[in-house]
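Notes for the one structure printed next.
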Ligand code: PHE
C-alpha cells in the first residue's frame with residue numbers, strides 16, 4: 028500500500044497536561060516515512076536526486092527511526108535551552124511532557140553518529156504546529172546530511188589530505204559553473220568557532236576545513252538542484268547564473284551556523300540550515316564520536332519541491348489523485364509532455380544523471396468561499412496561542428481517515444488569516460477577526476455545507492478557547 032495506516036502505537040504514552048497530538052494527525056503517523064519513498068512522488072524525485080548528488084562524496088542514506096521521540100533526543104541533547112521557543116506547546120506536538128513528534132531530523136544526529144556512521148543522509152517526516160496556508164502543513168519532510176572526520180586518527184584534515192583535496196575539487200568545479208555565491212558573513216555573526224576548537228590548533232584547522240567543505244558541498248548541491256538552466260527557463264528566459272547566498276543563523280547544535288538561500292523566480296528562497304557540528308553532539312555519541320569534527324545540514328523537502336515543480340499548495344503532496352501523481356510519473360519516464368531538457372549536473376566534482384525538470388500543471392480549482400469570524404478574547408491578554416485556533420480549525424475541517432481523501436489531504440480550509448484586531452479603549456478587551464478560506468480540491472462546496480462546517484468551527488472556538496463571538 029502506498030499509504031500504510033499508522034502503526035505507531037501511541038497508547039503506551041500516558042497523557043498529561045502537555046499532550047496535544049490531535050486525532051487527525053494519527054493516520055499520518057507511520058513507522059517509516061511514506062511520501063519520500065513513494066515511487067514517482069515529487070518528494071521521492073527530490074530525495075533520490077539529492078542522494079545521488081551526494082553519494083559520490085561517500086554520503087550514504089540511512090533510514091530514520093519512528094517519529095515519536097523523547098524531548099531529550101529532540102531538544103536536550105542538542106543543547107536547546109529549557110526556555111527555547113521551539114519547545115513551546117504551541118509549536119510542538121507532545122504525546123506527553125517527555126515525548127513528542129520529532130520537530131526536525133536533527134533529533135537523530137547523536138544516535139546516528141553513535142552508530143558509527145560518519146557520512147550520512149537521513150530523510151524523515153517531521154511535525155510542527157503551525158498556521159494554515161498554502162505552504163504550512165503539520166507534517167513535512169526534512170533531509171539531514173552530515174560528514175565528520177577524525178581529527179587525531181588518520182590524516183583526513185592534514186595538508187593535502189582527503190578533506191582539503193575534496194574542497195579544492197569542489198571549488199574548481201564551482202569556479203567554472205554558472206553560479207554567483209554571496210558569502211560575506213563574518214565568523215562572529217555566524218556564531219564563531221566553538222571554544223574547544225579555538226583552544227586547539229589542530230581542531231581549529233579541522234573546523235576551518237569542515238566549513239570550507241560544507242560550503243563547497245552545499246553550493247554544489249544548490250547548483251545541481253536549481254542550476255542555471257532551470258532558473259533561466261522558468262523566469263527570465265536568459266542564461267543567468269544561479270545566485271546563492273549564505274546568511275548567519277543560530278542553531279544550538281552548530282557553530283558557526285548559516286542558512287542558505289537561492290534566488291529563484293524573483294525571490295530569495297531559504298533552502299536549508301547548516302553549520303559546523305557542536306562538540307556536544309559528537310561527545311554525546313560516545314566512542315564513535317570521539318575526536319571527530321565536521322558539518323551537518325538540514326533541508327525541507329516540500330518547500331524546495333513546491334518551487335522546483337511549481338506545486339501551488341502543500342496539501343497536494345498528500346494527493347492520491349492520478350491527475351497529480353501521473354504528471355511526475357510521465358515526466359520521469361522520459362515521455363514527452365513537460366520536459367525541459369536533460370541537464371547534466373557536474374558540481375562539486377560530483378557528476379551524475381539528473382531527472383528531468385517537471386512543471387506541475389495544476390488541475391482546475393474549485394471556487395473558494397470565505398467565512399469570517401469576529402470575537403472578543405476573554406481578557407486583553409489571550410490565554411491561548413494562535414496555533415491552537417489553527418489546530419482546532421484543522422480538526423473540524425479535515426477527514427478523520429486518510430482513505431477518504433483523493434485530490435489532496437481532503438481538508439476543506441485552504442488558509443486562515445487574521446484580517447483585523449483592535450483593543451477596546453475603555454474595556455481593554457481585544458477583538459480579532461479571522462478569515463477562513465474554504466476550498467476543497469475534490470469538489471465544489473455549497474454555501475450551505477460551508478455554513479454548517481463553519482458553525483461547528485465557531486462552536487468549538489467558543490467551547491475550547493473561551494471566546495465571545497461578536
Ligand atoms: N534542524 C534545523 C532546522 O530544522 C536545520 C539544521 C540541521 C541546522 C543541521 C543545522 C544543522 O531548522
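Numbering (the UniProt record's numbering), first residue to last: 28 to 497. Think of the CB as a built atom: it goes at the ideal place given N, C-alpha and C, for glycine as much as any other residue. If you're wondering where the values come from, they're calculated on a predicted model, not measured in any experiment.
Just to check my reading of the structure: residue i and residue j have Cβ atoms closer than 8 Å, yes? What is that Cβ distance to the nearest angstrom?
i, j, result
"residue 328", "residue 168", "4 Å"
"residue 214", "residue 283", "6 Å"
"residue 156", "residue 418", "6 Å"
"residue 269", "residue 293", "In fact, because the Cβ distance is near 14 Å, the residues do not count as touching under 8 Å."
"residue 323", "residue 189", "Not a contact, Cβ separation roughly 18 Å."
"residue 476", "residue 433", "Incorrect: roughly 17 Å between the Cβ atoms, too far for contact."
"residue 414", "residue 118", "7 Å"
Spatial neighbours of residue i within its chain, please: CB distance less than 7 Å, with the 5 preceding and 5 following residues excluded, ordered by chain position.
i, result
"residue 191", "236"
"residue 428", "54"
"residue 442", "159, 160, 161 and 464"
"residue 133", "105, 171, 280 and 325"
"residue 467", "393 and 439"
"residue 274", "212, 285, 286 and 288"
"residue 374", "Any reading at residue 374 needs caution, since the residue's pLDDT is 36, under 50, leaving its predicted position unreliable; the model's value is listed next. Closer than 7 Å at Cβ, skipping near neighbours: 200, 201, 204, 247, 250 and 251."
"residue 46", "121, 122 and 123"
Any idea which residues DSSP pairs residue i with across the strands?
i, result
"residue 447", "460"
"residue 87", "147"
"residue 322", "174 and 303"
"residue 272", "209 and 288"
"residue 14", "For residue 14 there is no data in the structure shown, the boundaries of the chain being 28 and 497."
"residue 97", "126"
"residue 402", "459 and 496"
"residue 297", "288"
"residue 480", "According to DSSP, residue 480 bridges with nothing at all."
"residue 200", "Paired residues: none, contrary to the question."
"residue 327", "169"
Going by other Cβ atoms of all chains shown within 10 Å of its Cβ, with 16 needed for buried, is residue i buried or exposed?
i, result
"residue 217", "buried"
"residue 211", "exposed"
"residue 346", "buried"
"residue 424", "buried"
"residue 286", "buried"
"residue 174", "buried"
"residue 140", "buried"
"residue 276", "buried"
"residue 390", "exposed"
"residue 151", "buried"
"residue 108", "exposed"
"residue 308", "buried"
"residue 483", "exposed"
"residue 478", "exposed"
"residue 436", "buried"
"residue 340", "buried"
"residue 180", "exposed"
"residue 244", "buried"
"residue 145", "buried"
Within the same chain, show all residues whose beta-carbon is closer than 8 Å to that of residue i, passing over the 5 residues directly before and after it, in chain order.
i, result
"residue 37", "48, 53, 56, 95 and 122"
"residue 42", "122 and 123"
"residue 459", "401, 402, 404, 445, 447 and 448"
"residue 230", "178, 223, 224 and 320"
"residue 497", "401, 402, 403 and 458"
"residue 114", "98, 102 and 107"
"residue 421", "49, 51, 159, 165, 438 and 440"
"residue 44", "124"
Give every residue of the same chain whose Cβ lies closer than 6 Å to the Cβ of residue i, excluding the five residues on either side of it in the sequence, and list them in chain order.
i, result
"residue 40", "122, 123 and 126"
"residue 129", "94, 96, 101 and 153"
"residue 50", "none"
"residue 272", "209 and 288"
"residue 74", "63 and 150"
"residue 32", "Caution applies to residue 32, whose pLDDT of 48 falls short of 50 and renders its modelled position unreliable; the value that the coordinates give is listed next. Closer than 6 Å at the Cβ level, and outside the excluded window around residue 32, lies no residue."
"residue 356", "67"
Would the beta-carbon of residue i be found less than 6 Å away from any heavy atom of the ligand MG?
i, result
"residue 74", "Of the ligands one can find in the structure shown, namely the ligand PHE, none is the ligand MG."
With a threshold of 8 Å, are at least 3 pairs of Cβ atoms found where one atom belongs to the region 299-315 and the other to the region 118-125?
They do not touch, by the three-pair rule.
At a cut of 8 Å, does the region 340-351 reach the region 281-300 through at least three beta carbon pairs?
No: fewer than three Cβ pairs fall under 8 Å.
Just checking, does the region 53-71 make contact with the region 327-341 on the three C-beta pairs under 8 Å criterion?
By the Cβ test, the region 53-71 is in contact with the region 327-341, since at least three Cβ pairs between them sit closer than 8 Å.
Three or more C-beta pairs below 8 Å linking the region 193-208 and the region 231-250
The region 193-208 makes contact with the region 231-250, as at least three CB pairs between them are under 8 Å.
When the Cβ atoms of the region 330-340 are set against those of the region 68-82, are three or more pairs found closer than 8 Å?
A contact exists between the region 330-340 and the region 68-82.
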